[in-house]
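First the structure, in the form of structure tokens, and then the observations on it.
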Amino acid sequence: MGISDMGWIDICMGEGIPSLQTNCSPSHLQAVVSELDVVIRDVEGLKQQVHALQHPIPADNKDNNKLRGEIEKELNRCLHRCEQLNKQWEFEVSVLKEDLKSLKQEELKDLRAIVSENRSRLSCIEADVSVLRQLIPNHGVLKKSFQQSQSLLLQLKEQISSSSSSSSSSSNSSSSNANIEDINNLQITSQQHAAKIDALRRSMSAVENKERKREEEIEKIISEFAAVKKTIQHFEPTMDSSPHLLQIRESLNYLNQQIKDGQRQTEEQMAKNMERVKWELQAVHAEINQLKQQMVALAAKQVSSSSSSSSSSNSSSNSSRKKA
1 MGISDMGWID
11 ICMGEGIPSL
21 QTNCSPSHLQ
31 AVVSELDVVI
41 RDVEGLKQQV
51 HALQHPIPAD
61 NKDNNKLRGE
71 IEKELNRCLH
81 RCEQLNKQWE
91 FEVSVLKEDL
101 KSLKQEELKD
111 LRAIVSENRS
121 RLSCIEADVS
131 VLRQLIPNHG
141 VLKKSFQQSQ
151 SLLLQLKEQI
161 SSSSSSSSSS
171 SNSSSSNANI
181 EDINNLQITS
191 QQHAAKIDAL
201 RRSMSAVENK
211 ERKREEEIEK
221 IISEFAAVKK
231 TIQHFEPTMD
241 SSPHLLQIRE
251 SLNYLNQQIK
261 DGQRQTEEQM
271 AKNMERVKWE
281 LQAVHAEINQ
291 LKQQMVALAA
301 KQVSSSSSSS
311 SSSNSSSNSS
321 RKKA
């Protein structure tokens, strides 16, 4: 940038003052701009004096010649000062350019740190979210099955209580003791099934809590990546020429592929887990049906024992009547 580029010769030749873009200048350039303004005002005053002396001057007018020499000397001094200020301005602009470049590199480093920090978290969270979304319909089916199992257990408890009351009124001590032992075994089995159902219910509650926490983490990660995306869009014009931004884009593509791979592996693991849960649920239903069959057999046994005891009592009463 030379003196002619800055417009100083145009000032001296009467072409006018060029407009200076000082709105976007940094604070450490304001002193240079202020000094340039002072020099411009001095040059304007000298320019007016030069125009006043452009008329023909008599040969014996020594004062005018002396004044002209002083004005030319002052004008040369101002031009020299303008040259110095021009060089200082170029130096300050180069320093500002380097500062902006270093600031841009620091922002790119921050972006890379954010991407590397959230890479593992995103891969894990996205896989867990896909699994939890698949668990939502199965959760409703399991809850309905738990309610049915709980109602069946209540029915079994009622049958056990009625069986215990009827067995206590039986006259045969040996059969009542056997019935009491069977009832105790059935109570223990029903308590075990109730414990299994409670454990399944707790596991489903844990799954729901985990799903809620994962959703909160996903919302947080989405907001962070929205900020990253917004910052990357700030450097969008230099995306093709900046190796740091290209590396960030490659990291994001790698992260997306890693999320897809983790989602596929998690779906396979989820299918295995669902098969195991279904098998356990079928086992619980089979044991409940077995309990029902045992209760039916126990009730039939009690009915037969009560009928035999009543028949024996009737026969003994008839024999006593015959003897009388």
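In terms of UniProt numbering, the sequence shown opens at residue 1 and continues consecutively. Even glycine gets a Cβ: it sits at the ideal position worked out from N, Cα and C. Computed from a predicted structure; not experimentally measured.
Integer Cβ distance of residue i from residue j, believed to fall under 8 angstroms
i, j, result
"isoleucine 197", "serine 149", "5 angstroms"
"leucine 85", "valine 39", "7 angstroms"
"methionine 295", "leucine 186", "7 angstroms"
"aspartate 182", "leucine 291", "The pair is not a contact, with the Cβ atoms about 11 angstroms apart (cut-off 8 angstroms)."
"cysteine 78", "valine 43", "5 angstroms"
"isoleucine 125", "glutamate 217", "5 angstroms"
"glutamate 287", "histidine 193", "6 angstroms"
"leucine 36", "isoleucine 71", "At roughly 21 angstroms, the Cβ-Cβ gap does not stay under 8 angstroms, so leucine 36 and isoleucine 71 are not in contact."
"phenylalanine 146", "leucine 200", "6 angstroms"
Contacts around residue i, its chain only, beta-carbon distance under 8 angstroms, and the 5 residues preceding and following it disregarded
i, result
"glutamate 250", "none"
"serine 190", "Leu153, Leu156, Lys157, Ile160, Leu291"
"arginine 81", "Val39"
"lysine 272", "none"
"glutamine 48", "none"
Close-in-space but distant-in-sequence residues of the same chain around residue i (CB under 6 angstroms, 5 per side omitted)
i, result
"valine 95", "none"
"lysine 143", "none"
Own chain residues within Cβ distance below 7 angstroms of residue i, not counting five before or after
i, result
"cysteine 24", "Caution is warranted here: a pLDDT of 41 is assigned to cysteine 24, below 50, making its placement in the model unreliable, and no coordinate value can be reported."
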